[in-house]
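Undergrad: Top line first, the protein sequences correspond to chains G, U and X. Sequence positions in the first sequence follow our numbering and run 1 to 468. Sequence positions in the second sequence follow our numbering and run 1 to 294. Sequence positions in the third sequence follow our numbering and run 1 to 276. We put the beta carbon where it would ideally sit given N, CA and C, even for glycine. Please read these numbers as outputs of a predicted model, since none were measured by experiment.
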Amino acid sequence: MKKDESFSKVMVLAGLISVLTLGFTFGAVAQEKIGPITVSMWSGPEYDNLVNCARYYEQKTGRKIFIEEIAREALREKTTTVLMAKKGRYDVSYVDKAWIGGYAKARLLQPLNDFIEDPDVAASWFSVDNLKPPIDDLAMDGKMYGFPSEGDCQFLFWRTDLFNHPEEKAAFKAKYGYELKVPETWKVYLDVARFFTRKKGERLAGKILKDDFYGTTLAGKRTEACWEIATFLYGYEGGKILDPETFEVVVNKPEAVAGFTFYTDLLRKWHVVSPDVPTWGYPEVSAAFGGGHTAMAMQWMAAVAEFNDPARSAGLWKDGKRLFEYTVAPGREIEGKIKYRAVQASQWGYIIPANAPNPLGAYKFIEWLTGPEGAKMWALNGGIPCNKLALTDPEVLEKQPMFKVLAESYPYRRTIPHYVKTSIDYEVQDTVGLACNQMVIGVKTPQEAANELAKTIEEALRREGYLK
Amino acid sequence: MKRSLLHISYPYLLLIPAFILIFSVLCYPLMASLVLSFHKWTFSTYGEGRVPFIGLGNFIEMSADPYFWRSIVNTLIFSGSSLVMEFFLGLGVALLLNRKLVGTGMIRTLVILPFVLSNAVIGLNWRLMYNYDYGIINYFLSIFAIKPILWLSDPTKAMLSVIIVDVWNCTSFVVLLLLSGLQAIPQTPYEAAKIDGATGWQVFRFITLPLLRPVILVVLIWRTMDLFRCFDMIYILTGGGPGHATEVLSIYSYYKGFRYFNLGYAAAAAWVLVALIMIVCLGYLKLVRSEIID
Amino acid sequence: MKKIEKHIHNFLIYLAIIIFLIMSMFPIYWLFTLSLKLPHEAFSLPPTWIFKPTLENYASTFLYGPFSRYLINSIVVALSNTGLSVMAGSLAAYSLARFNFRGKKLSLLAVLIAPTIPPIAIAIPLYMIYNDYGLIDTRFSLIITYFIFNLPFVVWIMYGFFQEIPESLEESAMLDGCSRLGAMWRIALPLVAPGLAAASIICIIYSWNEFLYAMIFTGTYAKTMPVAITGFITSRGVYWSKVAACGSLVILPVFLFILFVQKHLIKGLSLGAVKE
């Protein structure tokens with residue numbers, strides 16, 4: 001039967017192809033890596049930056065560096081899995097400070113103290129002081145586990161054309177009784193945000209709006225809210241998550257809830273942010289401010305590069321003129337002076353796994369990378385290093401003027417969590433984000449969400465043995 | 001008829017390649033995961049070097065967590081709604097396509113296309129389309145003067161949004177299987193029915209449907225399994241949010257296991273999912289009456 | 001009158017099909033147009049229907065990283081696993097459909113258990129095993145892992161198809177002197193060609209798109225396309241245009257495969273071979 005014959009031929013062909021391709025599988029058994037030092041890094045600008053720095057290091061020292069790129073969504077999962085294996089694959093891993101607690105407790109990390117204190121190993125120019133205070137974020141129980149690498153923090157961005165517009169200034173003064181100014185306190189922040197929130201069809205800076213316009217932005221997504229709330233949690237009424245002395249959970253005490261409430265009310269009471277913010281993260285905030293849809297934004301300083309590009313941020317440039325500026329985040333004014341202030345920050349660093357195949361080579365690399373020379377190169381490539389010498393280098397300051405505002409923000413840098421280090425840091429971070437998301441979408445009030453959050457954290461602490 | 005050893009062992013011999021390929025890889029991890037669900041594996045216990053056996057401790061802790069039960073409800077709602085929609089829509093389209101059409105090859109290929117897209121790409125694509133301010137779906141709604149909808153921010157809408165995406169994605173799968181099933185049905189019963197003057201509905205009910213039963217069963221079982229296990233697409237689309245609105249059991253287990261590294265607990269949750277799937281599938285088999293297994 | 005009825009009937013059918021096609025194609029079409037736009041145009045409203053297309057996204061994607069290697073990895077893993085799954089699975093399904101033997105029910109259930117396991121449950125133990133055997137970051141690890149999900153599917157679908165065709169055909173062939181396997185190869189398989197086509201399409205798609213295991217077990221050398229695409233979700237936002245470009249391009253090989261295979265979904269492999 002003709003049909004049968006051709007069918008058989010197809011089947012035989014298919015069988016051959018599959019067997020042949022099976023042969024090809026062995027062509028990709030992981031070859032000997034190019035070099036003895038393997039670094040895992042997540043995809044994005046940091047990866048490109050690291051590749052550049054690594055190439056320079058290779059040329060300078062002759063030591064080979066191999067960088068494995070991991071998707072951002074998968075970094076923690078992949079890193080933890082590799083760290084737990086008997087045979088290590090990474091010599092250096094890029095981690096967030098909140099992961100250090102858990103990893104250290106599980107003995108997956110190699111302490112750096114021995115390397116630092118060994119005169120034969122540590123470089124002559126190396127000084128721990130240059131990396132303070134961030135290096136403390138990566139330490140636990142007296143042992144240093146990582147060198148800090150990216151120390152981003154959030155700025156308050158604002159539209160110069162709107163704040164300087166005579167019509168708007170007059171209207172503001174008429175409504176609120178004081179001059180329109182860049183907010184330094186939360187009260188002014190709220191007033192300004194309410195003032196600039198307008199519906200489609202209303203006037204703004206002399207033009208009729210084609211879309212709704214909002215006073216400011218908010219990142220409410222579950223995985224992003226924990227990267228915005230520090231500003232409000234710590235910086236509104238001095239709330240905390242855990243009591244540093246007793247490990248008691250205080251995230252549902254009035255001071256903390258006041259911060260949560262202010263944050264939630266931005267959407268739910270005052271409507272000064274887009275109703276879609278429960279799904280917003282870094283990119284959405286950038287798109288909103290960069291597209292010219294909000295008067296202010298609380299955004300990571302890394303966005304400055306994007307905002308400075310007229311092609312990517314059409315709403316912030318007009319006829320070649322820059323329409324935005326940035327400053328330190330506001331604080332809470334009580335009796336005339338700012339009593340509480342917190343700037344949301346993030347702290348990433350390089351750690352050496354306990355199962356690293358080449359720990360010594362790994363140490364020398366990250367020592368250089370976060371040292372004055374490496375950090376300077378990192379900064380010139382667009383990164384935000386944590387080395388004091390690099391941050392105050394004139395060449396760097398000329399290329400990255402935003403480091404001046406960074407320096408001003410430094411005393412107020414806070415992360416979630418901040419004051420206490422435990423092995424459940426990451427879980428705290430995640431559940432705080434979840435609680436904020438719930439508040440923002442309105443399924444729970446700030447107090448309810450905080451109560452539930454407190455319960456969850458307490459259970460986790462008990463599970464890990466911090467509380468009885 | 002002499003029953004030689006070869007004759008008796010024939011069926012088993014045919015089974016061997018498949019079983020080796022599946023279970024040589026699966027056995028140890030399966031056992032390890034089951035054993036793990038009875039232990040307390042966290043960063044602390046691992047660090048201290050002793051991972052204690054806690055019997056049903058994980059399961060008990062899970063049953064006390066309201067979000068665990070919420071995730072089961074979410075899983076059932078998501079799977080049930082998607083399955084019903086996908087099945088009937090898919091059946092309809094398969095029946096439509098079960099004829100000689102102009103450009104039939106291209107049509108069939110295009111119909112399958114939504115299923116071909118990677119889950120990650122689908123999640124990202126729809127996230128962009130569902131965007132409240134810039135998304136194309138709200139734009140279309142605005143053309144018809146409908147107010148924009150908070151597809152992914154509103155907890156009451158999010159589950160619907162996720163179901164829509166899955167139906168869009170997987171109806172093609174149902175169409176593909178049912179169509180092949182329809183195409184493999186021999187012509188003779190249809191010819192006989194035509195001679196007997198049966199109506200379209202009678203033909204469908206008494207000839208098509210019974211003959212299609214084995215394939216329908218496979219489709220139901222397979223879609224159910226896939227829906228209960230669905231992870232990638234939901235994770236990238238909503239991450240389980242807003243709040244816990246779209247957090248299905250697989251995402252619940254993922255967060256506990258891969259984010260907090262409470263591995264024993266996560267394994268326990270995963271096994272609950274397995275039990276759930278097995279119950280449902282066995283239910284199907286009973287329902288379709290074991291004419292299949294006999 | 002009947003002719004007009006028939007034409008209306010046909011028209012409605014085509015209309016329904018076209019509507020369905022439009023709804024299912026639109027998101028893909030939109031993704032494709034996204035890949036031809038510059039990044040900042042992605043968010044423009046109202047959407048620019050008529051625009052100047054640019055190939056920059058494709059160029060920058062495929063010049064940016066070793067994407068040709070990732071594409072080859074995906075192809076090798078998909079083809080290998082599909083071929084072997086379909087072969088082994090069909091054998092097993094034939095056995096289950098044609099014979100009654102002890103342990104048949106158990107075998108069916110055992111095969112059913114494998115794909116119910118949520119991937120995350122066994123991901124870490126699997127990683128540890130592969131690591132011990134040096135299989136991390138190899139295509140081999142992915143190929144053997146995907147058997148867990150593809151094989152049972154093939155077994156079950158082919159089981160259903162083998163049951164649809166009567167045993168009489170093979171019996172008459174065997175009476176003519178054919179062996180059991182010969183009967184299967186010559187008679188049964190051609191009749192279940194639609195099932196084989198469907199099974200192979202599903203296996204290819206699954207292997208092609210699988211993400212979790214590919215992400216955990218591969219690093220740089222054996223990385224497959226889905227993992228590479230998620231690399232565009234960075235800490236500084238999603239490179240939507242690159243995702244669109246990669247996502248669109250990645251459909252193409254599978255699209256071609258399906259176009260080639262769907263021929264075997266044709267009707268008409270009738271039972272005319274046997275005179276009843």
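How would you label Cys27/U, buried or exposed, when you count the other beta carbons within 10 angstroms and need 16 or more for buried?
TA: With fewer than 16 other Cβ atoms within 10 Å, it is exposed.
Undergrad: For Ile351/G, which three-state DSSP category applies?
TA: It is a strand residue.
Undergrad: Within 9 Å of any Cβ in chain X, is that where the Cβ of Gly257/U sits?
TA: Gly257/U counts as touching chain X.
Undergrad: Does the separation of the CB atoms of Val121/U and Leu237/U fall below 9 Å?
TA: No, these two residues do not count as a Cβ contact at 9 Å.
Undergrad: Which residues of chain X have a Cβ atom closer than 9 Å to the Cβ of Pro45/G, listed in chain order?
TA: Those are Thr234, Ser235, Arg236, listed as they occur along chain X.
Undergrad: Mind pulling the chain X residues with CB within less than 8 Å of Trp42/G?
TA: In chain order: Thr234, Ser235.
Undergrad: I believe Gly102/G touches Ser423/G by the beta-carbon criterion, under 8 Å. Please report the beta-carbon distance rounded to the nearest angstrom.
TA: Between Ser423/G and Gly102/G the Cβ distance is about 5 Å, and since that is below 8 Å, they are a contact.
Undergrad: Name, please, each residue of chain U whose Cβ falls closer than 8 Å to the Cβ of Lys221/G.
TA: What Lys221/G touches in chain U: Gly239, Gly241.
Undergrad: Determine, for Pro278/G, whether the minimum Cβ-Cβ distance to residues of chain U falls below 9 Å.
TA: Pro278/G counts as touching chain U.
Undergrad: Less than 9 Å between CB atoms is the rule here; does Met23/X satisfy it with respect to chain U?
TA: Interface residue, yes.
Undergrad: Is the Cβ of Pro357/G closer than 9 Å to any Cβ of chain X?
TA: No, because no Cβ of chain X sits closer than 9 Å to the Cβ of Pro357/G.
Undergrad: For Gly122/G, which residues in the same chain have their Cβ closer than 6 Å to its Cβ, ignoring the five residues on either side in sequence?
TA: Sequence check: residue 122/G is Ala here, not Gly. Within the same chain, Ala122/G has close Cβ partners Ile116.
Undergrad: Using only the alpha-carbon positions, how far apart do Lys157/U and Leu227/U sit?
TA: About 19 Å.
Undergrad: Candidates Pro111/G, Phe155/G, Leu162/G: which alpha carbon is nearest Gly146/G's?
TA: Nearest C-alpha to Gly146/G: Pro111/G.
Undergrad: Quick check for students: name the residue ranges of the alpha helix (DSSP H) that lie wholly in the segment 300-364 of chain G, counting only runs of 4 or more.
TA: Listed in chain order, the complete alpha helix (DSSP H) runs (minimum 4 residues) inside the segment 300-364 of chain G are 303-307.
Undergrad: Residues bridged to Trp42/G by DSSP?
TA: In the DSSP output, where bridge partners are listed per residue, Trp42/G has Ile70/G.
Undergrad: Considering only C-alpha positions, which residue in the set Trp208/X, Met184/X, Phe260/X is nearest to Pro166/X?
TA: Comparing Cα positions, the closest option is Met184/X.
Undergrad: Determine contact between the segment 272-292 of chain G and the segment 452-462 of chain G, defined as no fewer than three beta-carbon pairs at a distance below 8 Å.
TA: No contact exists between the segment 272-292 of chain G and the segment 452-462 of chain G.
Undergrad: With C-beta atoms as the reference, is Tyr46/U less than 9 Å away from Ala106/G?
TA: Contact: yes.
Undergrad: Ignoring anything shorter than 4 residues or poking outside the segment 49-118 of chain G, list the alpha helix (DSSP H) runs there in chain order.
TA: Those alpha helix (DSSP H) runs which fall completely within the segment 49-118 of chain G and span 4+ residues are 75-84, 97-105, 113-117.
Undergrad: Following the continuous alpha helix (DSSP H) through Glu395/G, name the residue where it begins and the one where it ends.
TA: 394-399 is the extent of the alpha helix (DSSP H) around Glu395/G.
Undergrad: State the Cα-Cα distance for the pair Gly283/U and Gly103/X, rounded to the nearest angstrom.
TA: Answer to the nearest angstrom: the Cα atoms are 21 Å apart.
Undergrad: Within 9 Å (strictly less), CB to CB, does Tyr14/X reach chain U?
TA: Judged by the 9 Å Cβ criterion, Tyr14/X is in contact with chain U.
Undergrad: Within a Cβ cutoff of 8 Å, which residues of the same chain sit near Tyr67/U, ignoring the five residues on either side of it in sequence?
TA: Excluding sequence neighbours, Tyr67/U sits near His244, Glu247, Tyr252.
Undergrad: Apart from the five residues just before and just after Val274/U, which ones in its own chain have a Cβ nearer than 6 Å to its Cβ?
TA: Nothing meets the Cβ criterion.
Undergrad: Are Thr185/G and Pro330/G touching if we call contact CB-CB under 9 Å?
TA: In this structure, Pro330/G lies closer than 9 Å to Thr185/G by Cβ.
Undergrad: Cutting at 6 Å between CB atoms, please list the residues of its own chain near Val155/X, excluding the five before and the five after it.
TA: Contacts found: Gly89, Ala92, Ala93, Val111.
Undergrad: Give me, in chain order, the residues of the same chain whose beta-carbon lies closer than 6 Å to that of Leu389/G; leave out the 5 immediate sequence neighbours on both sides.
TA: So the qualifying residues of the chain are Asn130, Pro372.
Undergrad: For the beta strand (DSSP E) containing Gly146/G, list its first residue and its last residue.
TA: Start and end: 146-150.
Undergrad: When Cβ atoms are compared, which residues of the segment 88-109 of chain G fall closer than 9 Å to chain U?
TA: Those residues of the segment 88-109 of chain G that come within reach of chain U (Cβ to Cβ, closer than 9 Å) are Gly101, Gly102, Tyr103, Ala104, Lys105, Ala106, Arg107, Leu108.
Undergrad: Can you look up Gly237/X in the DSSP assignment and give me helix, strand or coil?
TA: Of the three classes helix, strand and coil, the one that applies to Gly237/X here is strand, per DSSP.
Undergrad: Using a beta-carbon distance cut-off of less than 9 Å, what residues from the segment 221-239 of chain G approach chain B?
TA: Of the chains in the structure shown, none is chain B; the protein chains are G, U and X.
Undergrad: Using a Cβ-Cβ distance cut-off of 9 Å, determine whether Gly320/G contacts chain X.
TA: No, no contact with chain X.
Undergrad: Name the residue from Met159/U, Lys147/U, Leu14/U whose alpha carbon lies nearest to the alpha carbon of Arg70/U.
TA: Of the listed residues, the one whose Cα sits closest to Arg70/U is Met159/U.
Undergrad: Just tell me which of Thr224/U, Lys256/U, Ala267/U has its CA closest to the CA of Ser79/U.
TA: Per the Cα distances, Thr224/U.
Undergrad: To which residues of the same chain is Ser81/U closer than 7 Å at the C-beta, ignoring the five residues directly before and after it?
TA: Hits under 7 Å: Ile163.
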